[in-house]
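Colleague:
2 protein chains.
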Amino acid sequence: MKQLHLGDTREFDLKKFKRFLLHDSPYFRILNFNLQAGQIFPVHSHPADGQLSIQVIEGKGVFLAENNAELPAETGDILVSDINEPHGVKAETDMRILVTIAPPF
Amino acid sequence: MKQLHLGDTREFDLKKFKRFLLHDSPYFRILNFNLQAGQIFPVHSHPADGQLSIQVIEGKGVFLAENNAELPAETGDILVSDINEPHGVKAETDMRILVTIAPPF
Chain L
1 MKQLHLGDTR EFDLKKFKRF LLHDSPYFRI LNFNLQAGQI FPVHSHPADG
51 QLSIQVIEGK GVFLAENNAE LPAETGDILV SDINEPHGVK AETDMRILVT
101 IAPPF
Chain G
1001 MKQLHLGDTR EFDLKKFKRF LLHDSPYFRI LNFNLQAGQI FPVHSHPADG
1051 QLSIQVIEGK GVFLAENNAE LPAETGDILV SDINEPHGVK AETDMRILVT
1101 IAPPF
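As you go down the protein sequences, you meet chains L and G in turn.
Mapping the first sequence onto the numbering used here, position 50 (from 1) lands on 50, and the numbers just tick up by one.
If you count the second sequence from 1, you need to add 1000 to reach the numbering used here.
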C-alpha cells in the first residue's frame, strides 16, 4: 500500500514535456506527464497486448489518434486505448495527464 | 479507443454512495464512486492477485486500511493497494474517487 500525491509533480519544462513515473508493478504502471501549452506528446503505439488510460487532470487540449484524428481532451476526460493503437496528446493550455498502463510492457 | 467523461457521472445519493462502471476489459476495470460527506466505502479486500489505484478527483476524506488506519485523501492523492489488502474510503466532504483495478477479478 502506498500513497501518491499529484500535487508533488506539478512541474513544467519549456523545452519538453515533463514525465514522472509514479508507480510500476507487474499489474500496472502509472505516469504523470505535464505539457506546457503547445507541447505535443507525439502519436505512437507499442506492439504489446494491454490497454492504457489517459486522464486529463488539469488543463485542456486534444487526444491524438490514427490518421491525424483529434478528440477533445478537457479536465475529467479519459481516453482508453489499446497499447498497440496509435495515441498521443496535444496541449492547448498547460495540461497535466495521468496515464495508467496495464499490464506494463 | 473510447472516451470517458467524468463530468457525466457527477451524481450523489443521500442513501448510499453512487457507483459507475466506466470501463471493463481483461486488462483493467475503471469505476467512479461518488460519496456524500459522511458516507463510507467500507474496508474490504478480495482474494485475488492484482493491484488497484484509488484517486481522489474531488473533495476530501481519508483512505481506510487495516487495523482502522486512516491516511489523508485529498484531491490529487492516489492510494495504490494490492487487491487482497484491506482498503476503503471515508468522505469528509462530498468526494469523488476514480478506481482502477488491474486485472479485474
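From the three backbone atoms N, C-alpha and C, an ideal C-beta is built for every residue, glycine too.
What residues of chain L sit near G:His-1046, judged by a beta carbon separation below 9 Å?
Modeller: Residues of chain L passing the Cβ test: none, with the nearest at roughly 14 Å.
Colleague: Whole angstroms are fine: how far does the CA of L:Asp-13 sit from the CA of G:Tyr-1027?
Modeller: 32 Å
Colleague: Can the beta-carbon of G:Val-1099 be found less than 8 Å from the beta-carbon of G:Ile-1054?
Modeller: yes
Colleague: Determine the burial state of G:Lys-1016: buried for a count of at least 16 other Cβ atoms within 10 Å of its Cβ, exposed for fewer.
Modeller: exposed
Colleague: What in chain G is Cβ-close to L:Leu-31, meaning under 9 Å?
Modeller: Within 9 Å Cβ-Cβ: nothing; L:Leu-31 doesn't reach chain G, min ~12 Å.
Colleague: Let me know the secondary structure DSSP gives G:Glu-1085 once reduced to three states.
Modeller: coil
Colleague: Between L:Ala-48 and G:Glu-1085, what straight-line distance do the alpha-carbon atoms span, to the nearest angstrom?
Modeller: Rounded to whole angstroms, L:Ala-48 to G:Glu-1085 spans 29 Å at the Cα level.
Colleague: Looking at the strands, I want to know which residues DSSP matches up with G:Val-1056.
Modeller: G:Ile-1097
Colleague: Just grab the DSSP bridge partners of G:Phe-1041 for me.
Modeller: G:Val-1089
Colleague: Does G:Thr-1100 get closer than 8 Å to chain L when you measure Cβ to Cβ?
Modeller: yes
Colleague: Tell me the rounded alpha-carbon separation between L:Asp-8 and L:Leu-79.
Modeller: 24 Å
Colleague: Given that L:Asp-77 touches chain G, what residues does it touch there, using C-beta distances under 9 Å?
Modeller: Gln-1003, Leu-1004, His-1005, Leu-1006 and Gly-1007
Colleague: Could you tell me how far apart the beta carbons of L:Gly-38 and L:Ala-73 are, in whole angstroms, since I believe they sit closer than 8 Å?
Modeller: Not a contact, Cβ separation roughly 14 Å.
Colleague: Might you give, ordered along the chain, the residues of its own chain that have their beta carbon closer than 6 Å to the beta carbon of G:Gln-1036, omitting 5 neighbours on each side?
Modeller: Apart from sequence neighbours up to five positions away, the residues of its chain that approach G:Gln-1036 with a beta-carbon distance below 6 Å are Phe-1012 and Asp-1094, ordered along the chain.
Colleague: Quick check: G:Pro-1103 and G:Gly-1059, are their CB atoms within less than 8 Å of each other?
Modeller: No, Cβ-Cβ distance for G:Pro-1103 and G:Gly-1059 is not below 8 Å.
Colleague: In whole angstroms, what separates the C-alpha of L:Phe-41 from that of G:Asn-1067?
Modeller: 43 Å
Colleague: Taking the alpha carbon of G:Ser-1045 as the reference point, which residue from G:Arg-1019, G:His-1087 and G:Phe-1033 has its own alpha carbon closest?
Modeller: G:His-1087
Colleague: Using the rule of at least 16 other Cβ atoms within 10 Å of the residue's Cβ for burial, across every protein chain shown, is L:Leu-22 buried or exposed?
Modeller: buried
Colleague: Determine which residues of the segment 40–66 of chain L have a Cβ less than 7 Å from any Cβ of chain G, and write them out in chain order.
Modeller: With the criterion set as a beta carbon lying under 7 Å from some beta carbon of chain G, the members of the segment 40–66 of chain L are Gly-50, Gln-51, Ser-53 and Ala-65, in sequence order.
Colleague: Where L:Asn-34 and G:Phe-1105 are concerned, what is the direct C-alpha to C-alpha distance, given to the nearest angstrom?
Modeller: 32 Å
Colleague: L:Glu-92 CB to nearest chain G CB: under 8 Å?
Modeller: no
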